[in-house]
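Okay, so here's the structure we're looking at.
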Ligand SMILES: [Zn+2]
Ligand SMILES: [Zn+2]
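Protein chains in written order, with my numbering: chain V, 65 to 317; chain S, 2 to 199.
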């Protein structure tokens with residue numbers, strides 16, 4: 065399949081040489097793909113605008129590998145972007161809002177870190193598109209959209225934090241102690257020293273975000289939002305080998 | 002693989018931006034075949050640029066003294082500052098001959114995903130320059146791509162409350178590009194059609 069077509073979101077861009085750009089895409093059917101966009105940094109390129117972070121595109125790519133074949137070292141190498149159509153310029157619509165732009169960055173970096181090159185990740189792709197769309201629509205605070213994406217992406221990766229039952233012995237909750245290393249809420253018997261004691265509302269908010277209960281999430285107060293986002297971030301960083309670079313720059317209001 | 006010095010040269014050249022392994026090899030063999038005087042001139046220029054060229058303490062542009070030629074030129078309008086990402090963007094704007102004010106070079110754009118935040122750029126230095134009230138207009142000429150746009154948005158949000166006029170280059174520069182690739186006419190037009198950002 066020298067040529068293939070897919071739906072994708074641009075996660076990250078790098079400059080390459082004089083005027084080219086390497087884009088990291090999360091595609092709907094082919095997982096994470098790295099590809100070259102030729103000449104896109106020239107201001108005459110009409111391509112360029114579609115190959116920006118946060119763009120949802122229909123893309124045609126050229127690969128040197130046959131279907132299912134892997135390159136040296138398991139790397140697919142770089143594909144070549146030959147055509148793009150915009151399905152939603154989410155990044156471009158959000159770059160003029162700094163708070164939401166930093167959320168886009170953290171969402172894209174997380175999507176990159178939780179996927180492998182060439183391994184389809186449909187559910188994460190759908191979460192990603194949904195989160196970007198929600199940021200553009202602005203119906204929910206951007207911090208909540210980000211945290212909902214993070215907690216659901218973790219759940220999808222098999223790292224769903226325990227929010228009601230004890231993470232260690234499954235004793236029914238709610239429990240008042242929370243320990244990231246233990247996997248979330250912990251009962252009094254299992255509680256490791258140094259566990260946090262978050263407010264009940266904060267843990268409820270995390271559950272609302274995980275299950276898409278927006279009425280409850282939108283009704284939360286600033287204190288529990290702050291505490292919940294701290295716990296979500298800590299939980300995510302615990303599971304990733306390297307921390308997310310963009311998370312400290314997220315502009316929380 | 003080649004021996005010793007030749008391979009070292011290929012490796013060094015290969016580390017330069019935009020130079021792939023094939024080009025590195027081509028340049029290395031070109032240098033090997035070149036006249037000694039030409040190679041020595043290149044080598045001494047490389048050393049000189051590192052020893053003599055500094056960054057202007059006011060605007061961050063490349064300079065041969067403490068301050069660059071534009072900052073010390075009294076004919077330049079001190080009330081307008083054009084904010085760009087890199088020294089090469091100063092050259093691009095100068096080519097248009099549309100701008101008679103001064104510059105501020107940020108040293109890049111905000112890019113959280115690459116770990117570059119506001120504190121990694123020369124934003125504090127910019128705020129210091131605005132403090133004495135001489136500057137009345139700030140033109141944000143960051144690259145017309147999303148990092149550039151987000152950086153301009155961040156600066157506008159911070160500087161607007163200070164009572165300055167903050168403007169952004171007019172669209173017409175297609176999104177996704179680098180400022181340095183804009184031709185003079187387009188860039189000049191973007192300057193004269195700049196719009197206020199609130
Ligand atoms: Zn327990
Ligand atoms: Zn200067």
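For every residue, glycine included, the Cβ atom is placed at its ideal position computed from N, Cα and C.
Treat the numbers as computed from the prediction; the structure is a model and nothing was measured.
A check of alpha carbon separations from residue 126(S) across 117(S), 104(S), 93(S) and 99(S) identifies 104(S) as the nearest. In the structure shown, residue 112(S) falls within a strand segment according to DSSP collapsed to helix, strand and coil. Contact between residue 168(S) and residue 130(S) does not hold, since their C-beta atoms are separated by about 17 Å, which reaches or exceeds 8 Å. Residue 110(S) and residue 86(S) do touch by the CB rule: their CB atoms are close to 5 Å apart, below 8 Å. Fully contained in the stretch 158-214 of chain V are the following alpha helix (DSSP H) runs of length 4 or more, in chain order: 162-177 and 186-201. The CB of residue 161(V) comes closer than 8 Å to the CB of 154 in chain S, given here in chain order. Taking every residue with its beta carbon within less than 5 Å of a heavy atom belonging to ligand 2 gives, in chain order, 57(S), 59(S), 60(S), 62(S), 69(S) and 72(S). Within 10 angstroms of the beta-carbon of residue 69(S) lie 16 or more other beta-carbons, which makes it buried. In the three-state reduction of the DSSP assignment, residue 5(S) falls in the helix class. Those residues that bring their Cβ nearer than 5 Å to a heavy atom of ligand 1 are 230(V), 232(V), 233(V), 235(V), 251(V) and 254(V).
In the DSSP assignment, residue 150(V) forms a beta bridge with 121(V). DSSP places residue 105(S) inside the beta strand (DSSP E), whose first and last residues are 103-106. Of all residues in the stretch 13-47 of chain S, only 18, 19, 20 and 21 place a beta-carbon less than 9 Å from a beta-carbon of chain V.
Residues of the same chain with a CB within less than 7 Å of the CB of residue 198(V), apart from the 5 flanking positions on each side, are 204 and 209 in chain order.
With its beta carbon at least 9 Å from every one in chain V, residue 109(S) lies outside the interface. Using a Cβ distance threshold of 9 Å, residue 111(V) and residue 101(V) count as a contacting pair.
Each residue's CA atom was taken as its position, placing residue 207(V) and residue 288(V) some 12 Å apart. Rounded to whole angstroms, residue 184(V) and residue 314(V) show a C-alpha spacing of 28 Å. Annotation: the continuous alpha helix (DSSP H) that includes residue 294(V) extends over 286-303. Neighbours of residue 116(S) across chain V, judged by C-beta separation under 9 Å: 309, 310, 312 and 313.
By the 16-neighbour rule on beta-carbons within 10 angstroms, residue 239(V) is buried. At a cut-off of 9 Å between beta carbons, residue 298(V) makes no contact with chain S. Going by DSSP, residue 153(S) is part of the alpha helix (DSSP H) stretching over 147-160. Taking C-beta atoms under 8 Å as the contact rule, residue 115(V) and residue 104(V) qualify, at a distance of about 5 Å.
In the structure shown, the three-state DSSP call for residue 102(V) is coil.
Taking C-beta separations shorter than 8 Å and ignoring five residues to either side along the sequence, the partners of residue 146(V) in its chain run 67, 124, 125 and 126, following chain order. In this structure, the beta-carbon distance from residue 140(S) to residue 83(S) falls below 9 Å.
With contacts defined by Cβ atoms closer than 9 Å, residue 159(S) and residue 122(S) do not form a contacting pair.
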